[in-house]
Amino acid sequence: MAKKAARKSRGKNKKASGSKKSQGLIARMRRWGLRIVLGIAVAFFALILIYSVVNPPITHTIWSEWRRLGKVERDWVAIEEISPVMSRSAVAAEDANFCLHWGFDVEAIRDALEDGGNRGASTITQQVVKNVFLWQGRSWVRKALETSITPVVEMVWSKQRILEVYLNVAETGTGVFGVEAAAQKYYGVSAAKMSPVQAARIAAILPSPRNRSVIDPSVRTRRRAASILDGAATIRADGRAKCFED
2 MAKKAARKSR GKNKKASGSK KSQGLIARMR RWGLRIVLGI AVAFFALILI YSVVNPPITH
62 TIWSEWRRLG KVERDWVAIE EISPVMSRSA VAAEDANFCL HWGFDVEAIR DALEDGGNRG
122 ASTITQQVVK NVFLWQGRSW VRKALETSIT PVVEMVWSKQ RILEVYLNVA ETGTGVFGVE
182 AAAQKYYGVS AAKMSPVQAA RIAAILPSPR NRSVIDPSVR TRRRAASILD GAATIRADGR
242 AKCFED
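If you use my numbering, the sequence shown corresponds to residues 2 to 247, in order.
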């Protein structure tokens, strides 16, 4: 009986020991997981701080296109060197309430959901986060990161800085990035010298720059450009351009 009791006791001790080791392993994994998450968060926050004053040298999309094509066209210019009508046209086309929200346009999201999710509701800030810090494509991981980073960018960067980065990293044609490169390529002028119609046509291709043409726009693109031209005038008149214009 004593031997059986001893064996049972040793068995219980082994199970208890194994359970403690398992719990210890899980605890260590949780600690390492937390450290990794915090490390990623710190890295993103550091980049957000750096890019508030330093221009992003490259983005995932620019790098991908450079690898695919062998070259890309891109010329970074300060927002002061971009025609104000180009800035207003981009905002009118992509995010008319840019000056009114904190990174997410709740009204646009609601409208998109009511429409069955057939149209996008991403703000300019969200597009900047995706272009500068993340990657293209649809995935829950990317969307979760985008949703987490967007409010931080809104807190750290000014609206003018957000728009400046957007206008310099947005794809404006196959292998063409930024409105300066687009203006030079399509019109032979600098971004500062673009006319309202030229600016509206560049803004009109932003949702699908590889499938729409600035030089030979379709009827649909022309109509969209005309609508953007009106929208740019509207947001200037009603004050929705104040946050990025002096």
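Backbone N, C-alpha and C define an ideal beta-carbon position, used for all residues, glycine too.
Straight across, the Cα-Cα distance linking P218 with A227 is about 12 Å. Note that the stretch 196-206 touches the stretch 82-96; at least 3 beta-carbon pairs, one per stretch, sit closer than 8 Å. Under the DSSP assignment, E165 falls in the alpha helix (DSSP H) whose first and last residues are 160-170. CA-CA distance, I83 to A182, rounds to 11 Å. By the Cβ-count criterion, R36 is exposed, with fewer than 16 other Cβ atoms from all chains shown falling within 10 Å of its own Cβ. Taking a cut-off of 8 Å for Cβ pairs, the stretch 156-168 and the stretch 182-191 do not touch, as fewer than three such pairs fall below it.
F105 sits in coil when the DSSP states are folded into three classes, being neither helix nor strand. Just measuring C-alpha positions, the residue of V78, V130, W33 sitting nearest H61 is V130.
Distance from the Cα of L230 is smallest, within the candidate group P57, W67, M195, V43, for M195.
Under DSSP, R75 forms a beta bridge with F178. Around the beta carbon of D106, 16 or more other beta carbons sit within 10 angstroms, so the residue counts as buried. In the same chain as W136, and ignoring 5 residues on each side of it, the C-beta atoms closer than 7 Å to its own belong to H61, R143, in chain order. Nearest C-alpha to I150 among A44, Q161, Q24: A44. Within the stretch 35-72, the complete alpha helix (DSSP H) runs of at least 4 residues fall at 61-70. A straight line joining the alpha-carbon of S53 with that of Q24 spans about 43 Å.
Inter-residue distance for T124 and L26 is about 43 Å (C-alpha atoms, whole angstroms). DSSP places I206 inside the alpha helix (DSSP H), whose first and last residues are 197-206. Contact between P197 and T173 is absent: CB atoms are separated by about 17 Å, not below the 8 Å threshold.
Taken through DSSP and simplified to helix, strand or coil, T151 comes out as helix. Just measuring C-alpha positions, the residue of V133, E108, N132 sitting nearest A122 is E108. For L230, the enclosing alpha helix (DSSP H) begins and ends at 220-238. Distance between E246 and E81, taken at the CA atoms: about 9 Å. Pairing G104 with P152 gives a Cβ-Cβ distance under 8 Å. When secondary structure is reduced to three states using DSSP, T173 falls in the strand class.
Excluding its 5 nearest sequence neighbours in each direction, L50 has C-beta neighbours in its own chain below 7 Å: V157, listed in chain order. Burial state of A93 is buried, judged by a 10 Å Cβ sphere holding 16 or more other Cβ atoms.
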